[in-house]
Amino acid sequence: MDKDLIINLYKKQFNIICLYLIKCGCRASDVEDIVQDSFIKAMEYITEVNIKNLPSWLFKVSINNYKNMVKRGKIINSKSIYEGNFYEELVDNFNLEENILNKEKSKEILKILNLLKEEYRSLIILKYEMDLSYKEISVLLGLDENTVKVYLYRARNNFKREWNKINEGYR
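Numbering-wise (my numbering), the sequence shown opens with residue 42 and increments by one.
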């Protein structure tokens with residue numbers, strides 16, 4: 042495998058991986074370090090990684106590096122899609138009633154996301170928050186495109202099922 046391939050992949054994948062880590066709560070100042078460490082690791086293991094699996098391998102290594110750093114206390118989540126800060130920043134501050142309703146809805150969405158399996162939660166974030174195509178998600182996760190569609194279908198159904206359970210009390 043060629044080191045030029047890693048450099049080209051770095052240019053293509055860097056922003057996607059950084060954005061995903063930020064949406065998971067990683068501070069921007071830590072994101073670049075995590076992704077760069079992952080690409081350095083790729084250079085070290087260049088002969089052991091299948092070229093076809095390289096994009097998904099880099100994505101997984103970056104996520105695992107982030108999780109390991111959080112566990113070791115080397116970095117602290119700054120804002121997370123799971124903590125509610127992410128959606129609250131999107132709320133229009135000019136309309137108080139709408140603001141309150143959006144905050145409540147955000148809390149419900151976050152509550153439901155936290156109930157889902159991590160793989161389903163990741164798929165929903167990649168598809169609906171990061172607006173990636175099925176093809177892009179399949180490359181990142183190292184899955185067949187049809188598998189991504191099936192898993193995302195299941196994730197949406199689980200989300201809808203949980204949404205209906207929570208909102209039955211409001212009817």
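Glycine residues also receive a C-beta, built at the ideal position from the N, C-alpha and C atoms.
Quiz item: What's the gap between the Cα of Lys-176 and the Cα of Val-189?
Solution: Approximately 8 Å, taken between the alpha carbons.
Quiz item: Are the beta-carbon atoms of Ile-166 and Phe-200 separated by less than 7 Å?
Solution: Cβ atoms of Ile-166 and Phe-200: not closer than 7 Å.
Quiz item: Just how far apart, CA to CA, sit Ile-58 and Asn-205?
Solution: Their backbone Cα atoms lie some 32 Å apart in a straight line.
Quiz item: Taking all protein chains shown into account, do 16 or more other C-beta atoms lie within 10 angstroms of the C-beta of Arg-162, making it buried, or fewer, making it exposed?
Solution: Arg-162 is classed as buried because its beta carbon has at least 16 other beta carbons within 10 Å across all chains shown.
Quiz item: Just checking my contact of Val-72 with Ile-81 at CB under 8 Å: how many whole Å lie between their CB atoms?
Solution: Going by Cβ atoms, the distance from Val-72 to Ile-81 rounds to 15 Å, so no, they are not a contact pair.
Quiz item: In the structure shown, what three-state DSSP assignment does Val-152 receive?
Solution: In the sequence under discussion, the amino acid at residue 152 is Lys, which differs from the Val named in the question. The answer is helix: DSSP assigns Lys-152 an H, G or I state.
Quiz item: So, using beta-carbon positions, are Leu-182 and Ser-79 closer together than 7 Å?
Solution: Cβ distance not < 7 Å, so Leu-182 and Ser-79 don't count as in contact.
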